[in-house]
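As they're listed, the protein sequences go chains A and B. Going by this note's numbering, 183 is the number at position 177 of the first sequence; the sequence numbering is gapless. Going by this note's numbering, 357 is the number at position 351 of the second sequence; the sequence numbering is gapless. Where is the CB? At the ideal position from N, CA and C, for every residue including glycine. Take a look at the structure below.
Protein chains: 2
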Amino acid sequence: MTTQTRTRVAVNGYGVIGKRIADAVRLQPDMELVGVADVVADYRLQTAALQGVPVYASTPEGAKAMRAAGVPVAGELDALLERVDVVADCTPKGVGADNLERYRRAGVKAALQGGEKHDVTGHSFVAQANYASAVGRDFTRVVSCNTTSTVRTLGALHAAGLLKKARGVLVRRATDPWESDHSGIMNTVVPERVIPSHQGPDARTVMPELDVVTIAAKAAHTQGHGHFWIVELTREAHASEVLDAFRAAPRIALMRTADGMIALNSTIELMRDLRRPRGDMWEVALWEDVLTVEGNELYYAYQVDNQAIVVPETIDALRALTATADAGESLRLTDETLGLTDDFLRPQARALAPA
Amino acid sequence: MTTQTRTRVAVNGYGVIGKRIADAVRLQPDMELVGVADVVADYRLQTAALQGVPVYASTPEGAKAMRAAGVPVAGELDALLERVDVVADCTPKGVGADNLERYRRAGVKAALQGGEKHDVTGHSFVAQANYASAVGRDFTRVVSCNTTSTVRTLGALHAAGLLKKARGVLVRRATDPWESDHSGIMNTVVPERVIPSHQGPDARTVMPELDVVTIAAKAAHTQGHGHFWIVELTREAHASEVLDAFRAAPRIALMRTADGMIALNSTIELMRDLRRPRGDMWEVALWEDVLTVEGNELYYAYQVDNQAIVVPETIDALRALTATADAGESLRLTDETLGLTDDFLRPQARALAPA
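Okay, here's the thing in structure tokens:
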């Protein structure tokens, strides 16, 4: 594959999601990371520069700050946009929507993140569910971490003909591990005031056929989100059938308390032991030995790494927008290059289900 | 009411629950706290002695430690048992079961706590649900905090003819606020390995007719338990009907995020502002403006003060065992002396429903 045929990618916003997506883009044989852009010059951008990533400034002030911090400035954002086919927009909530007109003027496609509203792009994306409908579009929105996990797991049950309706309680992390300036919480639980919380309706922007309601609360930890689901199946089933449905779906990895995976922090340690970059967990980590079926009711719990789960989805979204691969090819390539598994400790070969 | 007609009560085990029950007994016009017993001589027993409560030693070693700590020892446990009609056993899990034979030999009745198994007493108690069936019994078991809250709330829906089935996710506190030697957790969430968690089946020891399943997890806070419920109603209903059912039931207090009750720690502060002893919340604190009904599905969230919720239930259990009042009289007297309400900020007069 020559440089000319590679999709030229920019990452705008080099924060918790953007830096991970930039790394993932660099692993893709069919993509070239032309550069990243941001408005600040802190350790994240300095690290990018150290690693040889071309850094662009989104504002003149940003450029000045970068030069002051010793970050070589490759140019301003508009110059970057001239050099790429597609942008992964990882700017803070609301900024992506503001950027859309700029991308449109520059004639570049863009995948936004889940902080933006569905209406901004008119299309919301989870690779296994609706890759095909994003092919060739100018813009899509990769839904948020919790919604991605919801569509992955309920999509798996739906694909197996098992899903009637699902009700979930989401115990969200207080804040990200790296944060101290955002509003974390200590020693309490904060229920979301509105039921349903936004994740349920958001999942229906991807799969309108889902009968799903979510209740959310924030708890006093930083180690990702815990999900607890109560699902009515279309029929009585065995737990093994449900597990087979989850195994057959992409980006769900099984784990077991019997292996010491007893809490949200267990997987964090396991990801480090598995030498995952930054300890990232791109899969939904689902407890095989907590999952319970009684008659036509299914109960299960899983964990979401809110910093990492949307990374493979975004890579796929870039391919869908640029129409450079079909769903099966894209998921396989993304998952192989990143190193996703269907079971952290007992991985099996798995055929990826095309969307 | 003369001293002769008062029920003579002992509290065995003066820990987090025992000390609260001892205080509550002292508030009851029809009860006399003859003494409390324990095996240690720490600040709790020293405080009891300071407040003039007769302290008995459950073991010779305990007596020695008490004397060394300057706690006057009124006698050994057997002497205390000779002087009372009934014991509130608040000893650690499993010890209550061991004590039962001692109570039987002494000819005293006993209310055990929810750490013991149902089979130990053959009767499990929540005042509003089954007071009558405990009247005159030798022994009962006041179910645990989470189970008590479950029976109170689902019992209210059942009494209103609204309950078909209920599925709950319980986000439990890591450990009690005062503890440091027990296994708390930090910065994580620990799902209970078995679904259903024990609270659902335990609620059925009190109300066998309940269709209830619980999923539980521990989170990284000490401020009581958060419950999130998904309930199928017998019919479509308005939220106002459900709220009326909760208002009509004993020991459920409504609160609102609009009043600043936005998290588990909000109520803790409110209880202090209301000058509750130790900041105790005996009621289930249920969010009126989070509660949502869609068709025949009901969603709601509430908070349980695990240190306090069983206190009124235990007082009622003592009256039931000694057959000194009927359910309506007992609940009214308990709630008036302690100061329970149906709404922390907008209390209304309420007729107590007899069991």
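Across the region 284 to 299 of chain A, CB contacts with chain B closer than 9 Å involve W293, D295, V296, L297 and T298, in sequence order along the chain. Taking 7 Å as the Cβ-Cβ cut-off, the region 162 to 175 of chain A approaches chain B at R173 and V175, given in chain order. By the 16-neighbour rule on beta-carbons within 10 angstroms, T328 of chain B is buried. Under DSSP, the beta-bridge partners assigned to S130 of chain B are B:R147. Straight-line measurement puts the Cα of A254 of chain A at about 40 Å from the Cα of T211 of chain B. According to DSSP, K115 of chain B shares a beta bridge with B:V92.
In the DSSP assignment, I258 of chain A is bridged to A:V290.
Look at A47 of chain A here: in three-state DSSP terms it is coil, with no helix or strand label.
Residues of the region 222 to 239 of chain B with a Cβ closer than 7 Å to any Cβ of chain A, in chain order: A223, A225, A226, H227, T228, Q229, G232, F234 and I236. Around G190 of chain A, the same chain offers A180 and T181 as residues with beta carbons nearer than 6 Å, after the five sequence neighbours per side are excluded.
Counted as a single uninterrupted DSSP element, the alpha helix (DSSP H) harbouring K70 of chain A occupies residues P66 to A74. Counted as a single uninterrupted DSSP element, the beta strand (DSSP E) harbouring R14 of chain B occupies residues T13 to N18. Taking C-alpha positions only, L324 of chain B is separated from A117 of chain B by approximately 7 Å. Exposure of V200 of chain A is indicated by the presence of fewer than 16 other C-beta atoms within 10 angstroms of its C-beta. Pairing A314 of chain B with Y137 of chain B gives a Cβ-Cβ distance that is not under 7 Å. Cβ neighbours of A71 of chain B within its own chain (closer than 7 Å, five residues either side excluded): V46 and A47. Excluding its 5 nearest sequence neighbours in each direction, A80 of chain B has C-beta neighbours in its own chain below 8 Å: G41, P60, V61, Y62 and L86, listed in chain order. Using a CB distance cut-off of 7 Å, N152 of chain A does not count as an interface residue toward chain B. Residues of the region 244 to 274 of chain B with a Cβ closer than 7 Å to any Cβ of chain A, in chain order: T263, I268, A269, L270 and N271. Within the DSSP secondary-structure output, D29 of chain B pairs in no beta bridge. In the structure shown, the three-state DSSP call for E275 of chain B is helix.
A distance below 7 Å between beta-carbons, with the five flanking residues on each side excluded, links V299 of chain B to the following residues of its chain, in chain order: A243, H244, A245 and V248. Look at R178 of chain B here: in three-state DSSP terms it is strand.
Taking CB atoms only, R282 of chain B has no neighbour in chain A less than 7 Å away.
With its beta carbon at least 7 Å from every one in chain B, A314 of chain A lies outside the interface. For A264 of chain B, the number of other beta carbons within 10 angstroms of its own is below 16, and it is reported as exposed. When 7 Å is used as the limit between beta carbons, T328 of chain B is near no residue of chain A, the shortest such separation being about 39 Å. For I236 of chain A, DSSP records a beta bridge to A:R173 and A:Y305. Counting the other Cβ atoms within 10 Å of the Cβ of T340 of chain A gives 16 or more, which makes it buried.
Judged by their CB atoms, A209 of chain A and L176 of chain A are not nearer to each other than the 7 Å cut-off. Among the residues facing chain A, R199 of chain B is included, as its CB has a counterpart in that chain under 7 Å away. Secondary structure at D187 of chain B: coil, using DSSP grouped into helix, strand and coil. The shortest C-alpha to C-alpha distance from V196 of chain A to any of B:V196, B:F234 and B:P353 is the one to B:F234. Per DSSP, I221 of chain A is one residue of the beta strand (DSSP E) stretching across V218 to K224. With contacts defined as CB atoms closer than 7 Å, Y308 of chain B and I236 of chain B fail to qualify as a contacting pair. Counting C-beta atoms within 10 angstroms of its own C-beta, M267 of chain A has 16 or more neighbours from the protein chains shown and is therefore classed as buried.
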